[in-house]
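Chains as they are written, first to last, in full-length UniProt numbering: chain A, 1 to 370; chain B, 1 to 370. Read the structure below first, then the notes.
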């Protein structure tokens with residue numbers, strides 16, 4: 001059958017890509033079973049018992065739409081960050097928010113600056129709205145703020161994206177440098193500062209919540225998917241000047257949030273003791289991943305996130321063989337997509353049993369690869 | 001502070017509207033408390049016990065992203081409808097799917113045909129992508145298929161929308177007429193046939209699942225929000241030719257679904273006995289709403305949905321006074337937005353206690369109004 005012939009000129013040309021292949025698809029396609037799910041930067045320590053209690057309490061109310069204003073969650077986040085409610089808006093994870101941001105700013109052909117090998121889902125949205133990706137290389141496995149700024153100016157780009165701490169490398173820029181970068185931007189360039197891994201960053205990496213709240217051209221994105229252990233709940237939020245946060249209300253799916261997820265996020269935010277426990281576990285698991293890497297002759301990169309990039313010392317084909325080989329052993333990990341980052345594999349933290357499986361499987365795989 | 005100056009030409013002009021004000025916002029803004037939530041066409045009979053069990057079981061796994069391919073749910077829906085998996089795609093409720101559909105087809109200025117007073121959320125998306133709404137009036141409180149087809153032809157419209165059964169009137173067109181309408185459309189016009197209320201419709205209203213599967217220009221939308229009692233889970237799906245269903249993969253947020261919600265939808269679909277029970281309760285509640293209307297001198301319209309439109313016999317101002325007055329009594333209902341539909345109020349079904357509150361409050365309100 002032929003396709004509907006009257007798609008927009010943009011959508012007609014788009015491929016049916018998915019930014020990441022899920023572990024479930026890999027299981028189906030390769031007939032394998034994931035035993036250690038440590039590839040998607042999820043958080044296998046899971047949500048707090050208080051969160052599970054809140055979800056159970058909310059479940060019978062799931063016949064009701066969630067509050068389209070997300071009033072209570074915005075209020076709680078504002079209080080948590082010392083901001084006002086109108087400086088927060090909510091979306092279906094940072095992934096959903098990124099789509100909305102791109103839609104706000106990008107008309108076909110406009111340039112969008114990002115780093116080569118940075119977040120594929122952001123790129124997916126840029127291409128989806130007809131934007132033109134302009135990439136700058138990482139410098140020493142870090143996002144290169146100077147090069148990003150140069151590219152913005154050269155291209156007169158309306159949109160620039162980077163993550164701090166960074167995915168997929170786990171590296172970071174100092175918070176002061178991030179603020180300087182934002183303040184140096186032309187007022188006609190919107191910065192998406194993706195702080196998905198903000199909770200696990202060392203002191204000084206995440207600028208104070210109000211550090212850039214005076215800039216209408218800065219949107220900071222945060223999530224409950226990582227340190228809070230709620231990737232499957234799909235709750236992200238933005239911190240922005242009130243005028244900027246309000247733009248989301250022009251385009252978002254107002255009745256788009258899961259009611260149980262919102263309850264989960266509220267409970268997770270309220271349980272900062274649990275978050276502290278998990279952060280300690282994440283730090284310990286990062287150490288463990290590092291030790292396993294070293295024991296196998298590899299170099300773990302310093303990480304401010306819930307994952308560790310491991311330099312395997314050779315090329316992308318070698319790293320890919322390791323990723324594929326580990327999957328044969330039931331260990332699901334991922335790797336950066338482009339050179340020279342793709343000399344690395346990327347391993348997410350997980351409970352002890354997952355780390356043990358990795359420790360057991362990696363030497364086996366390397367032995368096979370020779 | 002000034003707004004970011006470089007929004008797209010469309011987004012710059014958009015108002016920050018919400019298609020519907022939620023009952024929570026009404027409570028906050030008016031300092032009232034909803035006792036009977038029978039305004040948003042939710043289903044107060046709630047989800048099945050088997051669904052709550054599935055949600056509880058899935059909750060601890062909410063640290064994992066949902067499968068971006070929604071394989072299992074698409075497989076289950078395909079089996080349920082006697083279709084193949086590639087003829088189904090999934091989204092965050094019909095609301096989310098409508099946004100994706102509009103995005104596929106609408107470039108600024110293109111005409112979109114719908115009925116005057118039909119679904120505001122569809123209109124929200126059309127305006128959001130720069131489309132131009134072309135509306136035709138209802139005929140005898142039903143969507144007028146002949147007039148819709150005329151408008152499509154006159155405007156050479158790439159997109160036409162209607163709901164069957166209809167919201168906000170609860171009326172319906174015969175399934176055979178719907179199929180004839182779809183087959184008479186130009187191949188360059190995409191039909192969104194919104195069947196959100198499909199489960200509560202009488203026999204003959206919903207065409208067989210495969211009735212239009214040979215048409216690349218037809219997308220049927222279904223949901224777990226209504227009869228299945230899962231509005232807060234945000235799970236909708238489309239039935240379409242495989243080539244058409246696949247277009248969603250070019251634009252959707254692949255990692256956008258809540259994991260617990262997907263588990264809820266799977267369990268709801270599996271529990272058709274519970275659905276049958278709820279359908280009987282919905283039918284009884286419709287009868288009860290009708291009796292309450294008649295007892296107060298009003299005329300209930302026949303309904304194929306989980307709500308009843310009640311003709312109050314006067315104008316929109318009068319109907320609005322009833323809606324506002326009922327809210328003072330803690331009874332949340334809504335009403336159609338434009339004349340002549342807005343001579344009606346719209347009451348959603350709910351459990352006995354909600355119906356009792358309505359029966360008690362309505363005469364009080366009418367007495368006050370005189």
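Glycine is no exception: its CB is placed at the ideal position from the N, C-alpha and C atoms. Note that the structure is predicted; figures quoted are calculated from it, not measured.
Next item on the list: Answer yes if the stretch 7–17 of chain B comes into contact with the stretch 247–257 of chain A, meaning at least three C-beta pairs across the two stretches below 8 Å, and no otherwise.
Entry: yes
Note to self: Classify residue 100/A: buried if its beta carbon has 16 or more other beta carbons within 10 angstroms, exposed otherwise.
What the structure shows: Along the first chain, one-based indexing puts residue 100/A at 100. Classification of residue 100/A: buried, given that the 10 Å Cβ count is 16 or more.
Notebook entry, point to check: What residues in the stretch 240–267 of chain A bring their beta carbon closer than 8 Å to a beta carbon of chain B?
Noted result: 241, 242, 243, 244, 246, 247, 249, 250, 251, 253, 254, 255, 256, 257, 258, 259, 260, 261 and 264
Checklist line | Nearest to residue 84/A (by Cα), restricted to the options 71/A, 91/A, 45/A and 196/A | finding: Numbered from 1 along the first chain, position 84 holds the residue referred to as residue 84/A. Residue 84/A has its Cα closest to that of 71/A, out of 71/A, 91/A, 45/A and 196/A.
Check: So, helix, strand or coil for residue 309/A, using DSSP?
Finding: Locating residue 309/A in the first chain gives position 309, where the first residue counts as 1. Looking at residue 309/A - three-state DSSP - the assignment turns out to be strand.
Notebook entry, point to check: Ends of the beta strand (DSSP E) at residue 163/A?
Noted result: Residue 163/A sits at position 163 when you count from the first residue of the first chain. Looking at the DSSP string, the run of the beta strand (DSSP E) that includes residue 163/A is 159–163.
Notebook entry, point to check: Can you tell me where the beta strand (DSSP E) with residue 124/B in it begins and where it stops?
Noted result: Translated into positions along the second chain, residue 124/B becomes position 124. Where residue 124/B is concerned, there is no enclosing beta strand (DSSP E), although the alpha helix (DSSP H) it sits in stretches over 120–128.
Margin query: For a test of the three-state rule: what should DSSP assign to residue 236/A, helix, strand or coil?
Written below: Here residue 236/A refers to the residue found at position 236 of the first chain. It is a strand residue.
Next item on the list: Tell me, to the nearest whole angstrom, how far the beta carbon of residue 59/B is from that of residue 52/A; I am working on the premise that it is less than 8 Å.
Entry: Reading the second chain from its first residue, position 59 is the one you call residue 59/B. Reading the first chain from its first residue, position 52 is the one you call residue 52/A. About 5 Å; that satisfies the 8 Å criterion.
Next item on the list: Sort 63/A, 91/A, 137/A and 112/A by Cα distance to residue 224/A and report the nearest one.
Entry: To locate residue 224/A, count along the first chain from 1; it is residue 224. With distances taken between Cα atoms, residue 224/A lies closest to 91/A.
Notebook entry, point to check: Among 239/B, 94/B, 186/B and 353/B, which residue has its Cα nearest to the Cα of residue 220/B?
Noted result: For this step, residue 220/B is matched to residue 220 along the second chain. Selected option, being the one with the closest Cα: 239/B.
Note to self: Taking the alpha-carbon of residue 29/B as reference, which of 165/B, 343/B and 328/B has the nearest alpha-carbon?
What the structure shows: Position 29 of the second chain, counting from 1, holds the residue named residue 29/B. Residue 29/B has its Cα closest to that of 328/B, out of 165/B, 343/B and 328/B.
Margin query: 8 Å is my cut-off, CB to CB: does residue 333/A come that close to chain B?
Written below: Position 333 of the first chain, counted from the first residue, corresponds to residue 333/A. Closer than 8 Å: no.
Item checked: Secondary structure, alpha helix (DSSP H): runs of 4+ residues fully inside the stretch 178–230 of chain B -> none
Checklist line | Cβ of residue 308/B within 8 Å of any chain A Cβ | finding: Along the second chain, one-based indexing puts residue 308/B at 308. No, residue 308/B does not count as interfacial toward chain A.
Margin query: Taking the alpha-carbon of residue 57/A as reference, which of 262/A, 209/A, 295/A and 149/A has the nearest alpha-carbon?
Written below: Taking the first residue of the first chain as position 1, residue 57/A is located at position 57. Looking at the Cα atoms, 262/A is the closest of the given residues.
Item checked: Interface residues of the stretch 55–82 of chain B facing chain A [CB-CB below 9 Å] -> 55, 56, 58, 59, 60, 61, 62, 63, 64, 65, 66, 67, 68, 69, 71 and 72
Next item on the list: For my contact list, residue 55/B and residue 234/A are in at a C-beta cut-off of 8 Å; report their separation, rounded to the angstrom.
Entry: The count along the second chain starts at 1 and reaches residue 55/B at position 55. The count along the first chain starts at 1 and reaches residue 234/A at position 234. Not really, about 15 Å apart at Cβ, beyond 8 Å.
Check: For residue 2/B and chain A, any beta-carbon pair shorter than 8 Å?
Finding: As a position in the second chain, residue 2/B is number 2, starting the count at 1. Closer than 8 Å to some Cβ of chain A, the Cβ of residue 2/B qualifies, so yes.
Next item on the list: Take the Cβ of residue 184/A as the centre, count every other Cβ of all protein chains shown within 10 Å, and call the residue buried at 16 or more, exposed below.
Entry: Along the first chain, read from residue 1 onward, the residue named residue 184/A stands at position 184. Residue 184/A comes out exposed.
Notebook entry, point to check: In or out: residue 154/A buried (at least 16 other Cβ within 10 Å) or exposed?
Noted result: Counting from one through the first chain, the residue named residue 154/A turns up at place 154. The residue is exposed, with fewer than 16 neighbouring Cβ atoms inside 10 Å.
Item checked: Interface flag, residue 217/A vs chain B, CB-CB below 8 Å -> If you number the first chain from 1, residue 217/A lands on position 217. By this cut-off, residue 217/A is an interface position.
Notebook entry, point to check: Where does residue 347/A fall in DSSP's three states?
Noted result: Stepping through the first chain from its first residue, residue 347/A is reached at position 347. Strand, per DSSP.
Notebook entry, point to check: So, does the CB of residue 142/B fall closer than 8 Å to a CB anywhere in chain A?
Noted result: Counting from one through the second chain, the residue named residue 142/B turns up at place 142. No, its Cβ sits nowhere closer than 8 Å to a Cβ of chain A.
Next item on the list: Let me know the secondary structure DSSP gives residue 134/A once reduced to three states.
Entry: If you number the first chain from 1, residue 134/A lands on position 134. Residue 134/A: strand per DSSP, three-state reduction.
Margin query: I want to check one thing, is the minimum distance from the CB of residue 303/A to the heavy atoms of the ligand GDP below 7 Å?
Written below: The model on display carries no ligand, and the ligand GDP is accordingly not part of it.
Notebook entry, point to check: Under a CB-based cut-off of 8 Å, is residue 128/B close to chain A?
Noted result: Along the second chain, read from residue 1 onward, the residue named residue 128/B stands at position 128. At least one chain A Cβ lies under 8 Å of residue 128/B.
Margin query: Beta carbons nearer than 8 Å to chain A: which residues of the stretch 94–108 of chain B have them?
Written below: 95, 96, 99, 103, 104, 105, 106 and 107
Notebook entry, point to check: From what residue to what residue does the beta strand (DSSP E) around residue 91/B run?
Noted result: As a working note, residue 91/B is residue 91 in the second chain. 88–91 is the extent of the beta strand (DSSP E) around residue 91/B.
Next item on the list: Pull up the DSSP beta-bridge partners for residue 334/A, would you.
Entry: The sequence position of residue 334/A within the first chain is 334, counting from 1. DSSP output for residue 334/A lists 346/A as bridge partner(s).
Next item on the list: Below 8 Å on the Cβ atoms is my guess for residue 159/A versus residue 193/A; work out the distance and round it to an integer in Å.
Entry: Along the first chain, read from residue 1 onward, the residue named residue 159/A stands at position 159. Along the first chain, read from residue 1 onward, the residue named residue 193/A stands at position 193. With a Cβ gap of about 12 Å, residue 159/A and residue 193/A do not count as contacting.
Notebook entry, point to check: Based on Cα-Cα distance, which residue from 128/B, 290/B and 271/B lies nearest to residue 103/B?
Noted result: Counted from its first residue, the second chain places residue 103/B at position 103. Answer by Cα proximity: 128/B.
Check: Residues in the stretch 25–44 of chain A with C-beta within 7 Å of chain B's C-beta atoms, listed in sequence order?
Finding: 25, 28, 37, 40, 42, 43 and 44
Margin query: Taking a contact to mean a Cβ-Cβ separation below 8 Å, would you say residue 227/A touches residue 275/A in this structure?
Written below: Numbered from 1 along the first chain, position 227 holds the residue referred to as residue 227/A. Numbered from 1 along the first chain, position 275 holds the residue referred to as residue 275/A. Against a cut-off of 8 Å, the Cβ pair of residue 275/A and residue 227/A comes out as a contact.
Next item on the list: Using a Cβ-Cβ cut-off of 8 Å, state whether residue 222/A counts as contacting chain B.
Entry: For this step, residue 222/A is matched to residue 222 along the first chain. It does not; no Cβ of chain B falls within 8 Å.
Margin query: Would residue 299/A and residue 311/A be called neighbours here (beta carbons separated by less than 8 Å)?
Written below: Numbered from 1 along the first chain, position 299 holds the residue referred to as residue 299/A. Numbered from 1 along the first chain, position 311 holds the residue referred to as residue 311/A. Yes, they are a contact pair.
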